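Number of protein chains: 2
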Amino acid sequence: MKIKDIAKLAGVSPATVSRVMNNNGYVKHDKRQAVEKVIREVGYQPNEIAKSLKNQKSHMIGVIVPKISTETASRVVDGITEVAKQHNYQLIIANTNLQIEEEIKYLKFLSNKLVDGIIMMATEVTAEHKKLAQSLAIPIVMVGQQVEGFTSIVHDDYRAAKLMIDHIIACGHKNIGFIGVDPKDVAVGQVRKQAYIDRLHEAGLSVDLDLIGIGDFSIESGYKQMEALLTRGKPTAVMAVTDHLAIGAIHCLHDHGLSVPNDVSVAGLGDVKLAKYFSPPLTTVHYGFKTSGMVAAEHVFDMIKQNQVDSDKVVIDFEVKIRKSVANLKTMRDLQSL
Amino acid sequence: MKIKDIAKLAGVSPATVSRVMNNNGYVKHDKRQAVEKVIREVGYQPNEIAKSLKNQKSHMIGVIVPKISTETASRVVDGITEVAKQHNYQLIIANTNLQIEEEIKYLKFLSNKLVDGIIMMATEVTAEHKKLAQSLAIPIVMVGQQVEGFTSIVHDDYRAAKLMIDHIIACGHKNIGFIGVDPKDVAVGQVRKQAYIDRLHEAGLSVDLDLIGIGDFSIESGYKQMEALLTRGKPTAVMAVTDHLAIGAIHCLHDHGLSVPNDVSVAGLGDVKLAKYFSPPLTTVHYGFKTSGMVAAEHVFDMIKQNQVDSDKVVIDFEVKIRKSVANLKTMRDLQSL
DNA sequence: TTTGATACTGAAATCGATTTCACTTACAGG
DNA sequence: CCTGTAAGTGAAATCGATTTCAGTATCAAA
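Each protein sequence line maps, in turn, to chains A and B. Under this note's numbering, the residue at position 259 of the first sequence is numbered 568, and the numbers go up by one with no gaps. Under this note's numbering, the residue at position 2 of the second sequence is numbered 311, and the numbers go up by one with no gaps.
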């Protein structure tokens with residue numbers, strides 16, 4: 310069933326059918342009725358591809374994620390779908406599985422008129438990325454990393470990590486370990502580590518390289534790095550750069566017969582959904598990932614509507630969640646002295 | 310840049326450009342070179358929308374999910390993306406946020422030539438769903454629920470739940486509670502409950518309605534239902550129909566000063582990624598959701614290739630994970646008698 | 001030299017919509 | 001009665017590709 314068939318059945322021209330479908334132009338009442346009747350009876354739905362071609366708008370936005378089966382990514386995507394729905398847009402999702410070449414490939418592919426805009430959850434952003442993205446002419450917004458020249462939706466990773474360390478220091482810890490991640494991911498790998506180092510310096514604490522471990526994003530990696538830290542030093546607290554890392558670390562500690570937080574405190578970053586149900590409930594910082602997605606989408610649609618790209622930087626709120634996995638050494642001492 | 314421009318630059322017709330792009334038909338060596346040179350120089354990428362229109366193939370499949378920010382859904386989608394990539398297909402994802410009317414809407418919308426096939430993670434499947442889906446002519450596969458007349462990728466929920474109950478019974482439990490979910494979701498709400506009831510009967514245990522609670526899919530709901538169970542009866546074990554429910558239940562038990570599994574055992578179903586890192590590590594059954602997604606996608610592509618729909622039923626493997634949240638009463642008694 | 005393949009090419013039709021443009025009709029105002 | 005404007009309509013062009021089809025060139029076999 311195409312528009313021509315409907316036209317024939319209703320005894321009008323395709324142009325008239327188009328006019329009633331899109332509610333523009335003049336159509337006499339009786340013809341409109343006739344067309345509507347036919348449409349209803351045959352359940353006509355226009356071919357969206359043909360519409361896209363003619364209108365030069367696909368009503369789709371592309372979303373490039375490093376790994377969709379990740380709590381962070383799926384929450385961001387959740388947010389995007391929510392505002393996309395309001396704008397009557399669909400999402401094309403491209404899952405790169407952490408392969409950077411794929412990002413480039415998808416960036417190219419999606420921009421071939423397939424989508425009206427792109428939201429990219431960047432991990433590493435290479436020069437090639439930037440150059441390509443800049444040449445694309447359709448709106449692109451970055452989520453999770455600030456990228457020069459693009460609208461970027463980020464969390465204030467530096468401040469978040471800093472506040473977490475502050476809390477740990479305020480609890481009386483002096484030997485504070487760190488479990489991080491490859492610096493190629495600047496938001497997670499670089500910024501959070503820098504905050505750790507800076508804050509320690511500011512507090513007059515020395516930074517002990519033996520108390521720093523670098524892993525990847527897996528729980529197992531958190532376990533391994535914690536084990537390594539244990540052999541190299543004697544931290545009373547460690548901050549992990551993600552909750553998964555923290556959970557791995559806690560697991561390792563338990564396996565070594567150590568209590569968290571009584572023997573060693575552990576803090577995460579990210580506030581995974583189940584974090585508060587752990588024992589001990591994980592002290593961490595909550596990032597509004599769904600909000601990031603929503604804000605990113607709003608920016609894309611703004612840019613689509615205004616037909617021009619800009620490069621804002623939006624910082625999304627976070628909230629430090631003080632739970633039970635970081636012990637307050639001072640009150641512990643008080644308790645013991647009784 | 311369109312094909313006509315490339316043609317002009319290379320001094321050939323659009324037809325020839327098309328022939329070199331798609332590598333079919335005859336093109337003289339020198340012209341081919343010329344065209345390729347121009348393509349390379351201007352970085353020409355064809356308009357995918359125009360291709361789709363002409364070819365009557367969008368190279369996109371639609372994926373309808375109840376909620377993307379859910380571990381189950383995102384793992385399924387992960388699997389789909391993996392095999393879609395092999396077939397050079399993109400995913401359009403539609404997130405219904407658990408609203409059934411949205412499922413219908415998206416089913417209609419996506420099928421307007423926008424996608425070559427649809428994968429649907431069904432929760433409730435109404436008669437309207439079936440009728441509409443049946444009328445669509447493009448391949449549709451259902452994941453998670455068996456639906457008459459459609460290829461369905463399911464887990465053997467009945468057997469999985471049954472084995473879990475078996476394990477609990479084998480551990481010497483007699484008062485076994487159950488936390489379930491609305492029966493509108495037949496796989497999770499009906500089948501798993503039926504397995505529980507059947508197995509209890511078979512084992513000569515009576516089914517105590519006071520020990521059955523029905524909630525929704527949230528952790529909080531698990532907490533609440535557990536609390537209700539506690540006031541109504543005295544279970545020594547409870548099986549929850551999802552891990553989240555189980556986690557909520559455990560949390561409730563802890564809040565009431567009860568130890569899991571020493572005072573009450575709790576089992577889940579689903580094996581959430583973090584399940585094994587809980588304390589106690591959750592006894593549950595692992596479903597291969599990513600595999601479901603992959604198999605679903607493979608079936609869609611088969612059907613697309615053969616240009617005909619079928620209605621297989623594929624049962625994906627599961628694995629019961631015996632961890633620490635269900636206590637063996639017999640060994641406990643032995644221990645006490647020492 | 002003629003015939004018949006085979007290689008090669010581009011004009012034009014096509015996919016299914018939208019929109020411009022030219023044209024008709026109806027009607028109010030002078 | 002004439003005229004100008006608004007309402008209404010459909011033929012045809014258009015979006016950017018692919019493919020058929022008709023036609024040309026080349027060359028081996030008869």
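All C-beta atoms in this analysis are idealised placements derived from N, C-alpha and C, irrespective of residue type, glycine included. Being a predicted model, the structure only gives us computed values, none of them experimental.
- Task: Report yes or no: do the stretch 620–638 of chain B and the stretch 543–563 of chain B share at least 3 C-beta pairs separated by less than 8 Å?
- Result: These segments touch.
- Message: Is it the case that the stretch 413–432 of chain A contacts the stretch 363–371 of chain A, given that we only count it when at least three CB pairs across the two stretches are under 8 Å?
- Response: As far as the Cβ criterion goes, the stretch 363–371 of chain A touches the stretch 413–432 of chain A, which means the pair count is three or higher.
- Task: Return the chain-ordered list of same chain residues with a C-beta closer than 8 Å to the C-beta of K346/B, the five sequence neighbours on each side being excluded.
- Result: For K346/B, where only same-chain residues beyond five positions count, the Cβ hits under 8 Å are A319.
- I think G542/A touches D517/A, with their Cβ atoms under 8 Å apart; what is that distance to the nearest whole Å? Taking a contact as a CB-CB distance under 8 Å, the pair G542/A and D517/A counts as one, their CB atoms being some 6 Å apart.
- Query: For chain B, is any of its Cβ atoms less than 8 Å away from the one on T432/A?
  - Reply: Not closer than 8 Å to any Cβ of chain B, the Cβ of T432/A fails to qualify, so no.
- Query: Enumerated in chain order, which unbroken segments of the beta strand (DSSP E) with a length of 3 residues or greater are wholly contained in the stretch 570–620 of chain A?
  - Reply: Positions of the beta strand (DSSP E) runs, each at least 3 residues long and wholly inside the stretch 570–620 of chain A, are given as 574–576, 593–596 in order along the chain.
- Message: As a quick exercise: from N356/B, N333/B, K317/B, pick the residue whose alpha carbon is nearest that of V344/B.
- Response: Comparing Cα positions, the closest option is K317/B.
- Message: Quick check: the Cα distance between D619/B and I447/B, rounded to an integer number of angstroms?
- Response: Rounded to the nearest whole angstrom, the CA to CA distance from D619/B to I447/B is 11 Å.
- Query: Can you find a CB in chain A that lies within less than 8 Å of the CB of H560/B?
  - Reply: It does; some Cβ of chain A falls within 8 Å.
- Task: Assign R642/A to one of two classes, buried (16 or more other C-beta atoms within 10 Å of its C-beta) or exposed (fewer than that).
- Result: Label assigned to R642/A: exposed.
- Message: Here's a check: name, in chain order, each residue in its chain whose Cβ is nearer than 8 Å to the Cβ of D491/A, leaving out the five neighbours to either side.
- Response: Closer than 8 Å at Cβ, skipping near neighbours: G498, I523, D525.
- Cβ distance (whole Å) where V434/A is taken to contact I402/A below 8 Å: The pair is not a contact, with the Cβ atoms about 19 Å apart (cut-off 8 Å).
- Could you confirm whether any beta carbon from chain A is found closer than 8 Å to the beta carbon of Y398/B? Taking Cβ atoms only, chain A never reaches closer than 8 Å to Y398/B, which makes this a no.
- Distance, Cα to Cα, L562/A vs L472/A? Looking at the two C-alpha atoms, the distance is approximately 24 Å.
- Tell me, please, whether the CB atom of S588/A is closer than 8 Å to any CB atom in chain B? For S588/A, at least one C-beta of chain B is nearer than 8 Å to its own C-beta.
- Message: In whole angstroms, give me the CA-to-CA distance for N484/B and L539/A.
- Response: If you take the alpha carbons of N484/B and L539/A, they lie about 44 Å apart.
- Message: Strictly under 8 Å for the Cβ-Cβ distance: is N571/A near chain B by that measure?
- Response: Cβ-Cβ to chain B under 8 Å: no for N571/A.
- Item | Own chain, CB closer than 6 Å to D572/A, minus 5 neighbours either side, in chain order | Counting only residues of its own chain and dropping the five nearest sequence neighbours on each side, D572/A has no CB closer than 6 Å to any other CB.
- Please report the residue range of the beta strand (DSSP E) in which I413/A lies. For I413/A, no beta strand (DSSP E) run applies; the uninterrupted alpha helix (DSSP H) run containing it begins and ends at 409–420, by DSSP.
- Under the three-state reduction of DSSP, which class applies to S383/A: helix, strand or coil? S383/A: helix per DSSP, three-state reduction.
- Alpha carbon of V411/B to alpha carbon of G352/B, nearest angstrom: Reading off the sequence, residue 411/B comes out as Glu, not Val. If I take the Cα positions, the gap works out to 40 Å.
- Message: For Q399/A and T432/A, what's the separation of their Cα atoms in angstroms?
- Response: Their backbone Cα atoms lie some 24 Å apart in a straight line.
- Message: I need the boundaries of the alpha helix (DSSP H) containing K313/A, first residue and last residue.
- Response: Annotation for K313/A: the continuous alpha helix (DSSP H) segment containing it runs 312–319.
- Own chain partners of M451/B with C-beta closer than 6 Å, once the 5 adjacent residues on each side are dropped: The residues are M429, A431, F459, S461.
- Whose CA, out of H595/B, E529/B, S383/B, lies closest to the CA of H464/B? Closest by alpha carbon: H595/B.
- Query: If we cut at 8 Å on Cβ distances, does A446/B have a partner in chain A?
  - Reply: It does not; no Cβ of chain A falls within 8 Å.
- Spell out whether any CB of chain A is found under 8 Å from the CB atom of V386/B. Yes, V386/B lies at the interface with chain A (some Cβ there is under 8 Å from its Cβ).
- Query: Which residues share a DSSP beta bridge with A343/B?
  - Reply: Looking at the DSSP output, A343/B shares a beta bridge with no other residue.
- Message: What are the residues in the stretch 340–371 of chain A lying within 8 Å of chain B by C-beta distance?
- Response: Taking 8 Å as the upper bound on Cβ-Cβ separation, chain B lies near residues Q354, P355, N356, E357, I358, A359, S361, L362, S367, M369 of the stretch 340–371 of chain A.
- Task: List the endpoints of the continuous beta strand (DSSP E) containing N460/A.
- Result: For the record, residue 460/A in the displayed sequence is Thr; it is not Asn. It spans 460–464 - the beta strand (DSSP E) in which T460/A sits, taken as one unbroken run.
- Query: In or out: Y505/B buried (at least 16 other Cβ within 10 Å) or exposed?
  - Reply: So Y505/B ends up on the buried side.
- Message: Determine, for A636/B, whether the minimum Cβ-Cβ distance to residues of chain A falls below 8 Å.
- Response: Chain A contact via Cβ: absent.
- Is the stretch 573–587 of chain A in contact with the stretch 602–621 of chain A, if contact means three or more CB pairs nearer than 8 Å? Because the criterion of three Cβ pairs below 8 Å is not met, the stretch 573–587 of chain A and the stretch 602–621 of chain A do not touch.
- Whole runs of the beta strand (DSSP E) within the stretch 474–504 of chain A, excluding any shorter than 3 residues: The stretch 474–504 of chain A is shown to contain whole beta strand (DSSP E) runs of 3 or more residues at 485–490, in chain order.
- Simplified DSSP state of G388/B, which is helix, strand or coil: Correct three-state label for G388/B: helix.
- Query: With 8 Å set as the bound, which would you pick, yes or no: does the beta-carbon of K614/A sit closer than that to a beta-carbon of chain B?
  - Reply: Taking Cβ atoms only, chain B never reaches closer than 8 Å to K614/A, which makes this a no.
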